[in-house]
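Take the sequence shown: its position 227, counting from 1, is numbered 227 in the UniProt record's numbering, and each next residue is one higher. Each residue gets a CB set at the ideal place from its N, CA and C atoms; glycine is no exception. Computed from a prediction, not measured in an experiment: that's the story for all the values here. Remarks on the structure that follows.
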Amino acid sequence: MNDVSTLGKTGSAVQVDRTSTGKEHFEVLDGLRGSAAILIVIFHVFNYSFGWDTPLSLMHHAYLAVDFFFGLSGFVVAYAYDDRWTRMSTLQFFRIRLIRLHPLVLVGATFGLLGYLLDPFGKGINHTSTPMLLLAYVTSLLLLPSPPVGGRQDESQALNGPAWSLMQEYLGNIAYALILRRLRALTLGIIFGFSGLLLIWVANMKGSMDGGWGYPNIWMAPLRLTVSFVMGLWLYRIQGRIRRPKLGLLFLSILLVVIFQAPKFPNAGGLSFNGLYDAACVLFLFPLIIICGAHSNAGAGMMRLCKFSGRLSYPLYITHIPFVYIIANFAHTRHPAKSVLLTWIFLLLPFVIALAWLVLKYFDEPVRAWLTRRYGIKRTAA
1 MNDVSTLGKT GSAVQVDRTS TGKEHFEVLD GLRGSAAILI VIFHVFNYSF
51 GWDTPLSLMH HAYLAVDFFF GLSGFVVAYA YDDRWTRMST LQFFRIRLIR
101 LHPLVLVGAT FGLLGYLLDP FGKGINHTST PMLLLAYVTS LLLLPSPPVG
151 GRQDESQALN GPAWSLMQEY LGNIAYALIL RRLRALTLGI IFGFSGLLLI
201 WVANMKGSMD GGWGYPNIWM APLRLTVSFV MGLWLYRIQG RIRRPKLGLL
251 FLSILLVVIF QAPKFPNAGG LSFNGLYDAA CVLFLFPLII ICGAHSNAGA
301 GMMRLCKFSG RLSYPLYITH IPFVYIIANF AHTRHPAKSV LLTWIFLLLP
351 FVIALAWLVL KYFDEPVRAW LTRRYGIKRT AA
């Protein structure tokens, strides 16, 4: 990437981050992706360790970060590729996306296997035959639904739970390349509208949108993907017609914290206000945040943070869960004092961030750069 400076209306230099293809980078959206990744790590470690209905149950709605990621993905994919199809084949698109996403899938699966085998507090529940564990690892490497393993019976990605959303991301990219890229904005808006109505009904019926990651509710995964990914594509197509409020990374990140930390709402009058709140976030608040972020400039002072946060978001998301399982198993088998558990949690958070950075710097980026050179692929904004 290259940073260039242009003059704003006041004559002062405004820092603009551009991709290697010359397109302006959505630096605030990058920063928001990182904010959401950190919040979902907090959600996992506190809720898995302390339980879901305790005073230390934090970020009650942070499972919605997945829907936010899907929306961001749709928006950025449309931005990066909508104007490239006259000079890019479908096979080339798939190759580009595989190079972007799959190296970290391999790392996440491997960390998941090692965490499962080496967890000193999981010996009582991590019982799985070697052939079944090997099959779970192979399916994880291929990002396919894995067989159940001891202690993770319901998860469709038993060794690396968050990878379920990456499987949906792949499906979204396939649908974009084959069908969605050809549709007009009006058609995308209609799909978003009808799938959104179905989402409201499901969220009200189920009481939340926390589903899709496990086999009992795996049917929710394609619905969540469709609503948010199509919403992102549609928003990109119509963004020129929308007034462009400019809100910075700090304000929008605080808004995400408020959204995710909202309490669980009760049922009343045959309605699930918790489920309806989840649906409202996805259908109304997340589109607003994406549009505001897309039309905001980070400024010279925040540019570096946004870039760092955006680069870190995917490796952090895909590698953190094995360590969360270890802390959670420690909590459930040793029953430590809250102060002791909090100490380990506060040590874990910088550890997983540092590990994600090391994986990014010394594996993901070098591997992607080598594959890009190997296959002669021009780098893109996505």
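Cβ pair residue i, residue j closer than 8 Å
| i | j | result |
| --- | --- | --- |
| valine 230 | glycine 74 | yes |
| glutamate 27 | methionine 303 | yes |
| alanine 177 | phenylalanine 93 | yes |
| leucine 199 | alanine 280 | no |
| proline 315 | leucine 360 | yes |
| valine 76 | leucine 29 | yes |
| glycine 150 | threonine 128 | yes |
| serine 228 | valine 282 | yes |
| methionine 209 | glycine 299 | no |
| histidine 295 | proline 245 | yes |
Residue i versus residue j: straight-line alpha-carbon distance, rounded
| i | j | result |
| --- | --- | --- |
| serine 313 | asparagine 204 | 30 Å |
| valine 367 | glycine 112 | 20 Å |
| leucine 233 | isoleucine 191 | 11 Å |
| proline 322 | alanine 158 | 11 Å |
| alanine 356 | glycine 270 | 44 Å |
| aspartate 53 | glycine 207 | 15 Å |
| alanine 337 | phenylalanine 46 | 14 Å |
| serine 146 | leucine 114 | 16 Å |
| aspartate 83 | alanine 36 | 28 Å |
| isoleucine 125 | glycine 189 | 46 Å |
| asparagine 297 | leucine 288 | 16 Å |
| arginine 374 | arginine 95 | 12 Å |
| leucine 250 | phenylalanine 265 | 27 Å |
| arginine 224 | leucine 141 | 23 Å |
| proline 55 | threonine 372 | 48 Å |
| serine 49 | threonine 187 | 44 Å |
| leucine 305 | isoleucine 179 | 36 Å |
| tyrosine 79 | leucine 235 | 10 Å |
| valine 4 | tyrosine 277 | Here valine 4 scores only 38 on pLDDT, less than 50, and its place in the model should not be relied on; the value that follows carries that caveat. For valine 4 and tyrosine 277, the distance between alpha carbons rounds to 41 Å. |
| tryptophan 370 | arginine 311 | 18 Å |
| isoleucine 99 | asparagine 267 | 45 Å |
| leucine 183 | arginine 97 | 20 Å |
| alanine 354 | valine 340 | 22 Å |
| isoleucine 174 | methionine 132 | 29 Å |
| threonine 110 | threonine 139 | 11 Å |
| threonine 90 | leucine 106 | 23 Å |
| threonine 226 | arginine 87 | 27 Å |
| leucine 342 | glycine 193 | 43 Å |
| arginine 334 | lysine 307 | 40 Å |
| residue 406 | tryptophan 85 | No answer is possible for residue 406: the residues shown for the chain start at 1 and end at 382. |
Spatial neighbours of residue i in its chain, beta-carbon cut-off 7 Å, leaving aside the 5 residues before and after
| i | result |
| --- | --- |
| isoleucine 242 | Ile291 |
| glycine 108 | Asn160, Ala163, Ile318, Thr319 |
| glutamate 155 | Gly161, Trp213, Gly214 |
| arginine 152 | Ala158 |
| leucine 285 | Ile259 |
| alanine 328 | Tyr48, Ser49 |
| glutamate 365 | none |
| lysine 9 | Note that lysine 9 has pLDDT 39, beneath the 50 cutoff, so the model's placement of it is unreliable and no number is given. |
| leucine 72 | Leu29, Arg33, Gly232, Ile290 |
| leucine 247 | Cys292, Ser296 |
| proline 148 | Ala158 |
Other residues of its chain near residue i: CB distance less than 6 Å, five sequence neighbours each side excluded
| i | result |
| --- | --- |
| serine 309 | Gly31, Gly34 |
| alanine 62 | Leu39, Ile40, Phe43, Phe260 |
| proline 263 | none |
| isoleucine 345 | Val45 |
| phenylalanine 330 | Phe121 |
| residue 393 | The requested residue 393 does not occur in the structure, where the chain is confined to residues 1 to 382. |
| histidine 60 | Lys264 |
| valine 352 | His320, Phe323 |
| valine 202 | none |
Whole-number beta carbon distance between residue j and residue i, since they are thought to touch under 8 Å
| i | j | result |
| --- | --- | --- |
| aspartate 119 | tyrosine 325 | 7 Å |
| phenylalanine 70 | glycine 172 | 7 Å |
| leucine 143 | leucine 166 | 6 Å |
| leucine 252 | glycine 293 | 6 Å |
| glutamine 168 | proline 222 | 7 Å |
Close beta carbons around residue i, own chain, < 8 Å, minus the five adjacent residues each side
| i | result |
| --- | --- |
| serine 57 | Phe46, Asn47, Phe50, Gly51 |
- Item | Length-filtered (4 minimum) alpha helix (DSSP H) runs lying within the region 242-323 | Listed in chain order, the complete alpha helix (DSSP H) runs (minimum 4 residues) inside the region 242-323 are 249-261, 273-280, 286-294, 300-319.
- Please specify which runs of the alpha helix (DSSP H), each continuous and at least 4 residues long, are wholly inside the region 78-163, giving them in chain order. 90-118, 130-141
- Task: Mind listing, in chain order, the continuous alpha helix (DSSP H) runs of no fewer than 4 residues lying wholly within the region 29-74?
- Result: none
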